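Visitor: Sharing a structure with you now.
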Amino acid sequence: MVTRESQLPLCPVCHKADKVKKLETAYNEGLERFAPPPLPGKTVSVVRYMVSSMILIGLFIFFILVLVGSESFGQGFSFVELALVLGAIASIIAALILSYIAFTKVVRGDQDASKHYAEWDLAMERYKRLLYCSRDNVIFDPQTQRIVSEEELASLMSTEAKNQQASQQSTSLAH
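Start counting the sequence shown at 187; every next residue gets the next number (the numbering used here).
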């Protein structure tokens with residue numbers, strides 16, 4: 187039978203493995219500062235479009251009820267009936283257009299977020315590789331046996347910082 191101590195590498199500070207655990211385990215035990223990198227996502231507000239569409243649908247229902255309630259079908263041509271029908275059709279078309287605009291905004295937001303999934307996967311690989319020693323309160327990389335500071339951990343877990351650095355380097359190279 188293989189013991190738990192022989193499975194995990196030794197802490198580079200105390201050279202023991204009894205208090206060494208994965209960083210993910212430390213987070214699950216309540217150490218919030220060791221949270222995994224957040225999944226990239228882009229929130230797109232479509233509330234304005236939804237409210238506008240609901241108002242237009244309400245107008246459509248109102249126009250239909252007024253048209254049905256007038257009971258003047260087949261008694262000749264009425265401009266009021268024509269206006270009610272055109273208003274109902276216009277509200278349906280406007281609601282469909284607003285729904286399409288909201289849908290395309292959500293799709294664009296998802297596409298923008300999906301560009302960062304590869305970087306997030308790399309950050310998650312680094313996160314799952316790191317270990318934590320609760321005796322010495324240190325985070326270390328078992329492959330290099332190097333202690334990782336809080337700042338280094340934050341930069342390892344961040345995908346946005348690398349994007350900003352890359353864009354700054356590309357702009358400085360252009361000048």
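Heads up, the beta-carbon is just placed ideally off N, CA and C, and yes, glycines get one too.
The structure displayed is predicted, hence computed values, not measured ones.
Residues bridged to L317 by DSSP?
Guide: Numbered from its first residue, the sequence shown carries residue 317 at position 131. In DSSP, L317 forms a bridge with K208, F326.
Visitor: What residues in its chain sit with their C-beta under 7 Å from that of S335, if we drop five residues either side in the sequence?
Guide: The sequence position of residue 335 within the sequence shown is 149, counting from 1. Correct list: empty, nothing qualifies.
Visitor: Do you know whose CA, among P222, F246, I283, lies nearest T211's CA?
Guide: Position 25 of the sequence shown, counting from 1, holds the residue named residue 211. Here the closest residue by C-alpha is P222.
Visitor: Considering only residues of the same chain and omitting the five flanking positions on each side of S285, which have a CB-CB separation below 8 Å?
Guide: The sequence position of residue 285 within the sequence shown is 99, counting from 1. These residues qualify, in order along the chain: Y235, S239.
Visitor: Among the residues of its own chain, which have a CB less than 6 Å from the CB of T290, if the five just before and after it don't count?
Guide: For the purposes of this step, residue 290 is taken as the residue at position 104 of the sequence shown. For T290, where only same-chain residues beyond five positions count, there are no Cβ hits under 6 Å.
Visitor: Do the region 310-326 and the region 245-258 make contact, defined as three or more Cβ pairs closer than 8 Å?
Guide: Verdict: no, contact absent.
Visitor: Express the C-alpha separation of I333 and F237 in angstroms, rounding to a whole number.
Guide: In the sequence shown, residue 237 corresponds to position 51, counting from 1. In the sequence shown, residue 333 corresponds to position 147, counting from 1. The amino acid occupying residue 237 in the given sequence is Val; Phe does not appear at that position. About 53 Å.
Visitor: Assign V252 to one of three DSSP states: helix, strand, or coil.
Guide: For this step, residue 252 is matched to residue 66 along the sequence shown. Three-state result, V252: helix.
Visitor: Does V199 pass the burial test, meaning 16 or more other C-beta atoms within 10 Å, or should it be called exposed?
Guide: Taking the first residue of the sequence shown as position 1, residue 199 is located at position 13. V199 should be labelled exposed.
Visitor: Which residue's Cα is closest to the Cα of G227: R321, L270, V292, G216?
Guide: As a working mapping, residue 227 is identified with position 41 in the sequence shown. If we check each option's Cα against that of G227, V292 comes out closest.
Visitor: Are the beta-carbon atoms belonging to A281 and F249 less than 8 Å from one another?
Guide: Sequence index remark: in the sequence shown, residue 281 carries index 95 (1-based). Sequence index remark: in the sequence shown, residue 249 carries index 63 (1-based). The answer is no: Cβ separation not under 8 Å.
Visitor: Verify whether the separation of the beta carbon atoms of A203 and L209 is less than 8 Å.
Guide: Along the sequence shown, read from residue 1 onward, the residue named residue 203 stands at position 17. Along the sequence shown, read from residue 1 onward, the residue named residue 209 stands at position 23. Cβ atoms of A203 and L209: not closer than 8 Å.
Visitor: Near T330, what residues of its chain come up, given a Cβ to Cβ distance below 6 Å and the 5 sequence neighbours on each side ignored?
Guide: Looking up residue 330 in the sequence shown gives position 144. Taken in chain order, the list of residues that qualify is empty.
Visitor: Which same chain residues end up closer than 7 Å to L339 when comparing Cβ atoms and leaving out the 5 residues on each side of it in sequence?
Guide: Reading the sequence shown from its first residue, position 153 is the one you call residue 339. Within the same chain, L339 has close Cβ partners I325.
Visitor: Helix, strand or coil for L194 per DSSP?
Guide: Position 8 of the sequence shown, counting from 1, holds the residue named residue 194. Looking at L194 - three-state DSSP - the assignment turns out to be coil, as it is neither helix nor strand.
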